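Protein sequences, first through last, are from chains A and B.
Residue numbering for the first sequence follows numbering that gives the first Met the number 0, starting at 0 and increasing by one per position.
Residue numbering for the second sequence follows numbering that gives the first Met the number 0, starting at 0 and increasing by one per position.
Even for Gly, the Cβ is constructed at its ideal location relative to N, Cα and C.
Bear in mind the structure is a predicted one, so any value in this text is a computation, not a measurement.
Written out below as structure tokens is the structure these notes cover.
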Amino acid sequence: MNVAHVATVARKEIADNLRDRRSLLSAFSIAVLMPALFIGMLLFIINQAVGGAASRVEAHVVGAANAPALIDWLRSNSVELTEVELDDPRAAVRDGDLKLVLVIPDDFAAGFNAGQGHVQLIHDSSKLGDSARHHAQLSAYLNAYGRMIGRLRLQLRGVDPRIVDAIDTYSIDTATPAARALGVLATFPYLLALVIFMGGFYLAVDTTAGERDHGQLEPLLSLPVERRDLVLGKLLAVATFSVLALAAFLLTFAIALPFVPLHRIGMNLTLGPAKALGVLITCIPLSLLAAGMLMVVASFAKSFKEAQTYLSFVIFIPTLPLIVTSLMGTDPSLVTMFVPSLSQALLTSELLSGAATPALWIVVSVVTTLCVALLFFALAVRLYRSERLLV
Amino acid sequence: MIEASGLRRTFGKVVAVDDVSFRAEDGRVTALLGPNGAGKSTTLRILYTMIDPTGGSARVNGIDTVADPLGVRRVLGVLPHNAGIYQRLTARENVRYFGRLNDLTDDQIDERIEGLADLLDMRSFLDRRAKGFSQGQRLKTALARALIHEPANIVLDEPTNGLDVMATRALREIISNLAHAGKCVLFSSHIMQEVASLCDDIVIIAAGRVRAAGSADEIRAQTGEPDLEDAFVRAVERAAETDAENTAGQAGSNATTDTRGDA
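What follows is the structure, given as structure tokens:
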């Protein structure tokens, strides 16, 4: 192996692509945007949970004066009622002006006193967002009020009110905000794999199929350079971009994470320099594998466009083991360390949660991933040695 | 010196090169002349070790192209058909990249770039990025790149394609200068005039075979035509006739599929 040749090729490809806005955008936009999205989701969940937004109910009410006792009771249960005058409350909800309207008709008091009062609750179940929860909760409050009055009336008549409640149900939702936040955090390994593959995506196409499309390959191949050295130089350039994208991702994440008040939902998650470096090093073999895989597919394609099409499927391959195991609920073990991408995902999770990982796991993960990377490298060299590349 | 003996190359059932033998001497300009799809590019590609021959052999400075391709590449400067340069690098960086891959030191490269910039008149665009270069500027950059290791042999595949009159003239002068400097220059073309005015030796190829070879005068004598263009047309027509008799006429027309690979 001629190290000088390898270094020359790698350096040229990196310098060349650092000048290309498309390369940079493709490699780093996801790396920087993903953490932002991620942090945004966490903030949303925490605000909902801690800011009391989850228990507040908002509604508009028409004819509040017809049932002052009911309105007072609802308000005392922290239902925020806004009084409005509307001729056609249905239209207001249908048109999306209002989300939830409680209509208390003029004859409510008469009906209520005679035995049963009627109210209308108008909502649009096709609307996304909070309105379904507001509706369910307000309707539960109304039922509770009705039941309360009914029981009082039974009691006044000397009947045990429990007679009307053959079954009394309590719903208990155990989905704590922390659990929901954990659900978001569980997507972290997917993002990691995606960032690693996206980081090398454009370079892999540009240095192989792109070079050939532009007639730059044949002059290069006419030089006294071993094909193996050419391929290795290109592969290292692709892997470098992949690692840089990963570093950008981790950096953005590490900077943004302290702004998320995770402690408010009883969670403790930090990404300090040591942990970030650990994740980066754990994932370097995967970057090499990604570079090899992307290059083989891109070299195999007949043109730049074909390569791009193939690769947009290839970048989802590393997430497959993650999806399968997350469905099966696999815990980290020695066996899982033999699966590239999965092993990095599990090791990363362990690292983030601060658990101690056996050194053997790390060794197995590194060695198996590097072996697969080597296999792709050998395949790429084979492709570069064949005339098929040119003819 | 470049020698081809009995070269043959097939792509599946298509015979791109049937039987090509010739010799390009040092200090002379040799042209492979032939119509589109005659097998010129395939022949040159065998010579600069891009593809292996199906039959026959080729040697550059006595080095066999199949046995020691790296050895051949060291003594060969190549300008493939429609050679592309890296758009985001400057002309100088393009040349430097090839210099380094030819194991030259940075000092050697800088020194030679100075010389090549004068020889090829590249000063005005040497440190500009190649994106937006004219066809002529691109060609000069690609040529400088091919010459950076001062090869004794130079192979150019249809170098004048797409050049305007001025650029073509400049290139012709460069080619003659290289031959005067003792280099063996081999280039392919389908343009009669440029070959006649520039070449010491002409090898006419049609349908994968050499149909006539020698100096312009010798070819006129061989074909019995006083005009070189007529001689060329006669040679090509005769090739078509004999091939039709041998039912190998297929090769000529089918060989056009090969030109796709040339691009």
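Between the Cα of V425(A) and those of I29(A), M147(A), S342(A), P34(A), spot the shortest distance and give me the residue it belongs to. Beyond the ends of chain A as shown, which are 0 and 390, falls residue 425(A); an answer cannot be given.
Paired residues, beta bridge with R8(B) - DSSP: DSSP links R8(B) through a beta bridge to V16(B).
Neighbour-count burial assignment, L319(A), 16 or more Cβ in a 10 Å radius: With fewer than 16 Cβ atoms within 10 Å of its Cβ, L319(A) is classed as exposed.
Run through chain A and tell me which residues come within less than 7 Å of F97(B), C-beta to C-beta. L222
Anything in chain A within Cβ reach of V65(B), meaning under 7 Å, just list it in chain order. Chain order gives no chain A residues near V65(B), where near means a beta carbon separation below 7 Å; the closest approach is about 13 Å.
Against chain A, does T255(B) count as a neighbour if the rule is that its beta carbon must be under 8 Å from one of theirs? At T255(B) the pLDDT is 43, less than 50, meaning the model places this residue with poor confidence; the figure from the coordinates comes in the next sentence. With its beta carbon at least 8 Å from every one in chain A, T255(B) lies outside the interface.
Taking only beta carbons into account, state which residues of the stretch 141-159 of chain B come closer than 8 Å to chain A, listed in chain order. Within the stretch 141-159 of chain B, the residues whose Cβ lies closer than 8 Å to any Cβ of chain A are, in chain order, A141, R144, A145.
Delimiting residues of the alpha helix (DSSP H) encompassing C183(B): Per DSSP, C183(B) belongs to no alpha helix (DSSP H); it is in the beta strand (DSSP E), 183-188.
Please report the straight-line C-alpha distance between T256(B) and S298(A), rounded to a whole angstrom. Bear in mind that the predicted position of T256(B) carries a pLDDT of just 43, short of 50, making it unreliable; the figure below should be weighed with that in mind. Near 22 Å, if we compare the C-alpha coordinates of S298(A) and T256(B).
Please work out which residues of its chain come closer than 8 Å, Cβ to Cβ, to L6(B), disregarding the five sequence neighbours upstream and downstream, and give them in chain order. V16, D18, V19, S20, T42, I45, P52, G54, G55, S56, A57
Can you name the residues of chain B whose CB is closer than 8 Å to the CB of D15(A)? Y85, R87, L88
Output the distance between the C-alpha atoms of P158(A) and D106(A), rounded to the nearest integer angstrom. Looking at the sequence shown, residue 158(A) is not Pro but Val. One C-alpha to the other measures close to 28 Å.
Are R73(B) and C183(B) close, meaning C-beta to C-beta below 8 Å? Pairing R73(B) with C183(B) gives a Cβ-Cβ distance that is not under 8 Å.
Tell me the start and end of each unbroken alpha helix (DSSP H) in the stretch 166-240 of chain A that is at least 4 residues and wholly inside, in chain order. 176-184, 187-204, 216-220
In chain A, which residues lie with their C-beta within 7 Å of the C-beta of V77(B)? P218, S221
With T29(B) and V202(B) assumed to form a contact (beta carbons below 8 Å), what rounded beta-carbon distance in angstroms separates them? 7 Å
Cα-Cα, which of R226(A), L231(A), G353(A), V242(A) is closest to G271(A)? G353(A)
Might you give, ordered along the chain, the residues of its own chain that have their beta carbon closer than 7 Å to the beta carbon of A234(B), omitting 5 neighbours on each side? I203, A205, R210, A211, T222
Can you list, in chain order, the residues of its chain whose CB lies under 6 Å from that of L256(A), leaving out five sequence neighbours each side? L270
Minimum length 4: unbroken alpha helix (DSSP H) runs contained in the stretch 190-230 of chain B: 191-197, 215-222
Rounded to whole angstroms, what is the Cα-Cα separation between T251(A) and L138(B)? 45 Å
Hey, could you find the ends of the beta strand (DSSP E) I84(B) is sitting in? Neither: I84(B) is in no beta strand (DSSP E) and is coded neither H nor E.
Looking at C-alpha atoms only, which residue of T140(B), E149(B), N81(B) is the closest neighbour of A90(B)? T140(B)
Span of the beta strand (DSSP E) around L155(B): 152-156
I'd like to know if L231(A) contacts chain B, where contact means its C-beta is closer than 8 Å to some C-beta of that chain. no
Scan the stretch 98-166 of chain B and note each continuous alpha helix (DSSP H) run of 4 residues or more that stays entirely inside, going in chain order. Listed in chain order, the complete alpha helix (DSSP H) runs (minimum 4 residues) inside the stretch 98-166 of chain B are 105-118, 134-146.
Pairs of beta-carbons, one from the stretch 25-41 of chain A and one from the stretch 98-109 of chain B, closer than 8 Å: are there three or more? no
Please compile the residues from chain B whose C-beta is within a distance smaller than 7 Å of the C-beta of R18(A). Within chain B, the residues near R18(A) are R87.
Any contact between the stretch 209-218 of chain A and the stretch 123-138 of chain B? By contact I mean 3 or more CB pairs, one from each, below 8 Å. no
Closer than 8 Å, CB to CB, is L162(B) near chain A or not? no
Is R111(B) close to chain C, meaning its C-beta is less than 8 Å from at least one C-beta of that chain? Protein chains A and B are contained in the structure displayed, whereas chain C is not.
If you follow the beta strand (DSSP E) that V380(A) is part of, which residue opens it and which one closes it? Not the beta strand (DSSP E): V380(A) falls in the alpha helix (DSSP H), residues 358-384.
Use the C-beta contact count for F312(A): other C-beta atoms within 10 angstroms, 16 or more gives buried, fewer gives exposed. exposed
Mind pulling the chain A residues with CB within less than 8 Å of R73(B)? Those are P223, listed as they occur along chain A.
F97(B) vs I147(B) beta-carbon contact at 8 Å: yes
Can you tell me whether H117(A) is buried or exposed? The criterion is at least 16 other CB atoms within 10 Å of its CB, across all chains shown. Result: exposed.
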